[in-house]
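So the sequence shown is numbered by full-length UniProt numbering: it starts at 1 and just counts up by one. Glycine residues also receive a C-beta, built at the ideal position from the N, C-alpha and C atoms. Only a predicted model underlies this, so the values are computations on that prediction, with no experimental measurement involved. I have placed the structure first, in the form of structure tokens, so that the comments after it can refer back to it.
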Amino acid sequence: MDRQIDYRHLESLIALLTVARLGRYTAAAAVLGVNHSTISRRIDALQKAMGGHLLAHTPNGWELTDLGRRAMASAEAIEQAVAAISTEEDSPTLTGHVRLAAPDAFSAHLAAPALAKLQAKHPQLVFEIVSETTRARQTRTGMDLEIVIGQPSVRKAASTKLMDYELRLYATAEYLQAHGTPHQLSELAGHSLNYYIDTALTVDKLDEATSHLPPMHRAISSTSIAVQYAATMNHAGLGLLPVFLSKHYPNLIPVLHDQFSYLSEYWLVGREEALRSKAVQATVRALNDAAANGDWFILPSGNQVPS
Numbered sequence: 001m002d003r004q005i006d007y008r009h010l011e012s013l014i015a016l017l018t019v020a021r022l023g024r025y026t027a028a029a030a031v032l033g034v035n036h037s038t039i040s041r042r043i044d045a046l047q048k049a050m051g052g053h054l055l056a057h058t059p060n061g062w063e064l065t066d067l068g069r070r071a072m073a074s075a076e077a078i079e080q081a082v083a084a085i086s087t088e089e090d091s092p093t094l095t096g097h098v099r100l101a102a103p104d105a106f107s108a109h110l111a112a113p114a115l116a117k118l119q120a121k122h123p124q125l126v127f128e129i130v131s132e133t134t135r136a137r138q139t140r141t142g143m144d145l146e147i148v149i150g151q152p153s154v155r156k157a158a159s160t161k162l163m164d165y166e167l168r169l170y171a172t173a174e175y176l177q178a179h180g181t182p183h184q185l186s187e188l189a190g191h192s193l194n195y196y197i198d199t200a201l202t203v204d205k206l207d208e209a210t211s212h213l214p215p216m217h218r219a220i221s222s223t224s225i226a227v228q229y230a231a232t233m234n235h236a237g238l239g240l241l242p243v244f245l246s247k248h249y250p251n252l253i254p255v256l257h258d259q260f261s262y263l264s265e266y267w268l269v270g271r272e273e274a275l276r277s278k279a280v281q282a283t284v285r286a287l288n289d290a291a292a293n294g295d296w297f298i299l300p301s302g303n304q305v306p307s
């Protein structure tokens, strides 16, 4: 039988809950506003009180043991009780700290506006959005949720498709006037391309997109979609760009749209422990609703560069 946990271990239970959701002591420390050693001390104290290991270090980060899962249930009950105390009658208020990693176009144009609306309803929610374009982490540590391009292959996590993602070629009138307008895919070999850096690209679906094109000289390559747009709108070459944004920029002219497009999807990935958090659940609903309704934030001037 597990030993009794008294009130002195409340902070330790919250530390355990946060580590279980984020998979990393340092990430939990950042969320709770303490240092790494404090998290370690609290977990150690709780393990001594319960008489066994609560966490095991694995390639997926820190994972709960069987004993840890029993302690996690108590931690979640405490979290819910605290939330209930701070909730005004007939006006449910969410609290918590949610970390999201997503590609920069998705971060700026869907995640940020969707979560801004959610945060306006629940001011005690805190969001951190890490803008990055990578494959789903096999460790999945440090983040509650990830948005990735292409269906992920993950363990000990849940994944769901958010929406379709399409890439097409665009250029400015100035570029086409100076270099000619291609009328066949084969003619692209004489043109420059603005796209991701080959050696820095870890997303298979994005890497695969260019395999359907003839070899092209790389003009300006970047890990940032904003830089790719800036390069294309400043006539450096053709841009292989997301349709959902490009169609809002009138100075970008579609190129070979009757012959080429590349389809993929945005997928949402979350640790199982994180997805039990009401704050994370609300975040997932907000992102799903925004994706389903096409609630993309578009800058008012078509000549501005997206983030």
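Helix, strand or coil at Glu166 according to DSSP, with G and I counted as helix: By 1-based counting over the sequence shown, the position of residue 166 is 166. It is a strand residue.
Pairwise C-alpha distance: Ala290 and His183: For the purposes of this step, residue 183 is taken as the residue at position 183 of the sequence shown. For the purposes of this step, residue 290 is taken as the residue at position 290 of the sequence shown. Cα-Cα distance, rounded: 36 Å.
Closest Cα partner of Ser222 within the set Leu206, Asn35, Ala282 and Arg285: Looking up residue 222 in the sequence shown gives position 222. Comparing Cα-Cα distances from Ser222 to each of Leu206, Asn35, Ala282 and Arg285, the minimum goes to Leu206.
Bounding residues of the alpha helix (DSSP H) (the contiguous stretch that carries Tyr229): Here residue 229 refers to the residue found at position 229 when the sequence shown is read from its first residue. For Tyr229, the uninterrupted alpha helix (DSSP H) run begins and ends at Ile225 to Met233, by DSSP.
Cα-Cα separation, Ala158 to Ala101: Counted from its first residue, the sequence shown places residue 158 at position 158. Counted from its first residue, the sequence shown places residue 101 at position 101. Roughly 15 Å separates the two Cα atoms.
Helix, strand or coil at residue 376 [DSSP, three-state]: Because the chain spans 1 through 307 in this model, residue 376 falls outside it and cannot be assessed.
Beta carbon of Phe244 nearer than 9 Å to that of His109: Against the sequence shown, residue 244 aligns to sequence position 244. Against the sequence shown, residue 109 aligns to sequence position 109. The Cβ-Cβ distance between Phe244 and His109 falls below 9 Å.
Buried or exposed (CB count within 10 angstroms, at least 16 for buried), Arg24: The residue you call residue 24 lines up with position 24 of the sequence shown. Classified as buried, Arg24 has 16 or more neighbouring CB atoms from the shown chains inside 10 Å of its CB.
Three-pair Cβ contact test at 8 Å for the segment 42-51 versus the segment 109-120: At 8 Å Cβ cutoff, the stretches do not touch.
Neighbour-count burial assignment, Asn251, 16 or more Cβ in a 10 Å radius: Taking the sequence shown and counting its residues from 1, one reaches residue 251 at position 251. Classification for Asn251: exposed.
Integer-rounded CB distance, given that Thr160 should sit under 8 Å from Leu22: Looking up residue 22 in the sequence shown gives position 22. Looking up residue 160 in the sequence shown gives position 160. With a Cβ gap of about 20 Å, Leu22 and Thr160 do not count as contacting.
Contacting residues, own chain, Cβ-Cβ under 6 Å from Tyr262 (five flanking each side not counted): Reading the sequence shown from its first residue, position 262 is the one you call residue 262. Excluding its 5 nearest sequence neighbours in each direction, Tyr262 has C-beta neighbours in its own chain below 6 Å: Leu167 and Ala209, listed in chain order.
Thr95 versus Leu240 - alpha carbon distance: In the sequence shown, residue 95 corresponds to position 95, counting from 1. In the sequence shown, residue 240 corresponds to position 240, counting from 1. Between Thr95 and Leu240, the C-alpha separation is close to 40 Å.
Cβ-based neighbour list, Val280, same chain, cut-off 7 Å, excluding 5 preceding and 5 following: In the sequence shown, residue 280 corresponds to position 280, counting from 1. Answer for Val280: Val98, Asp144, Leu145, Gly270 and Ala274, listed in chain order.
Secondary structure of Lys247, DSSP reduced to three states: Reading the sequence shown from its first residue, position 247 is the one you call residue 247. Coil at Lys247, not helix or strand.
Nearest-angstrom beta carbon gap, Leu185 and Pro214 [assumed within contact, 8 Å]: Position 214 of the sequence shown, counted from the start, is the residue given in the question as residue 214. Position 185 of the sequence shown, counted from the start, is the residue given in the question as residue 185. About 6 Å separates the Cβ atoms of Pro214 and Leu185, confirming a contact at the 8 Å cut-off.
Burial state of Ile129 (16 or more Cβ within 10 Å): Walking along the sequence shown from the start, residue 129 turns up at place 129. The residue in question, Ile129, is buried, as its Cβ has 16 or more Cβ neighbours within 10 Å.
In chain order, each beta strand (DSSP E) run of at least 3 residues that lies wholly inside the segment 181-231: Runs of the beta strand (DSSP E) lying entirely within the segment 181-231, each at least 3 residues long, are 192-194 in chain order.
Opening and closing residue of the alpha helix (DSSP H) in which Glu128 lies: Taking the sequence shown and counting its residues from 1, one reaches residue 128 at position 128. Glu128 -> not in any alpha helix (DSSP H); beta strand (DSSP E) instead, spanning Leu125 to Ser131.
Close Cβ partners of Ala29 (< 8 Å) along its chain, the five nearest in sequence each way excluded: Position 29 of the sequence shown, counting from 1, holds the residue named residue 29. These residues qualify, in order along the chain: Asn35, His36, Thr38 and Ile39.
Length of the line joining the Cα atoms of Gly190 and Asp258: Here residue 190 refers to the residue found at position 190 when the sequence shown is read from its first residue. Here residue 258 refers to the residue found at position 258 when the sequence shown is read from its first residue. Going from the Cα of Gly190 to the Cα of Asp258 covers about 19 Å.
Segments of 3+ residues assigned as beta strand (DSSP E) that fall wholly inside the UniProt domain "HTH lysR-type" (10-65): If we require 3 residues or more, the beta strand (DSSP E) runs fully inside the UniProt domain "HTH lysR-type" (10-65) come out as 55-58 and 61-64.
Beta-ladder partner(s) of Glu146, from DSSP: One-based indexing of the sequence shown puts residue 146 at position 146. When DSSP reads this structure, Glu146 sits in a beta bridge with Ala101 and Val269.
Residues bridged to Ser159 (per DSSP): The count along the sequence shown starts at 1 and reaches residue 159 at position 159. According to DSSP, which records beta bridges pairwise, Ser159 is partnered with Val269.
As assigned by DSSP and simplified to three states, the class of Glu88: Within the sequence shown, the letter at position 88 stands for residue 88. For Glu88, the pLDDT reaches just 49, beneath the cut-off of 50, and the residue's location in the model is therefore unreliable, although a value from the coordinates is still provided. Three-state DSSP puts Glu88 in a strand.
Pairwise C-alpha distance: Lys117 and Tyr170: Looking up residue 170 in the sequence shown gives position 170. Looking up residue 117 in the sequence shown gives position 117. Computed Cα separation, rounded: 32 Å.
From Ser277, Tyr229, Ala292 and Val284, residue whose alpha carbon lies closest to that of Ala105: Position 105 of the sequence shown, counted from the first residue, corresponds to residue 105. For Ala105, the closest alpha carbon among the candidates Ser277, Tyr229, Ala292 and Val284 is that of Tyr229.
Assigned exposure category for His9 - 16 Cβ within 10 Å defines buried: As a position in the sequence shown, residue 9 is number 9, starting the count at 1. Classified as buried, His9 has 16 or more neighbouring CB atoms from the shown chains inside 10 Å of its CB.
Assigned exposure category for Thr58 - 16 Cβ within 10 Å defines buried: Here residue 58 corresponds to residue number 58 of the sequence shown, with the count starting at 1. With fewer than 16 other Cβ atoms within 10 Å, it is exposed.
Local Cβ density within 10 Å of Arg33, reported as buried at 16 or more and exposed below that: For this step, residue 33 is matched to residue 33 along the sequence shown. The residue you asked about is not Arg; residue 33 is Gly in the sequence shown. Under this definition Gly33 is an exposed residue.
Local Cβ density within 10 Å of Gly68, reported as buried at 16 or more and exposed below that: The residue you call residue 68 lines up with position 68 of the sequence shown. Classification of Gly68: buried, given that the 10 Å Cβ count is 16 or more.
Own chain residues within Cβ distance below 8 Å of Glu265, not counting five before or after: Within the sequence shown, numbered from 1, the residue matching residue 265 stands at position 265. These residues qualify, in order along the chain: Ile149, Gly150, Gln151, Lys161, Leu162, Met163, Asp164 and Tyr165.
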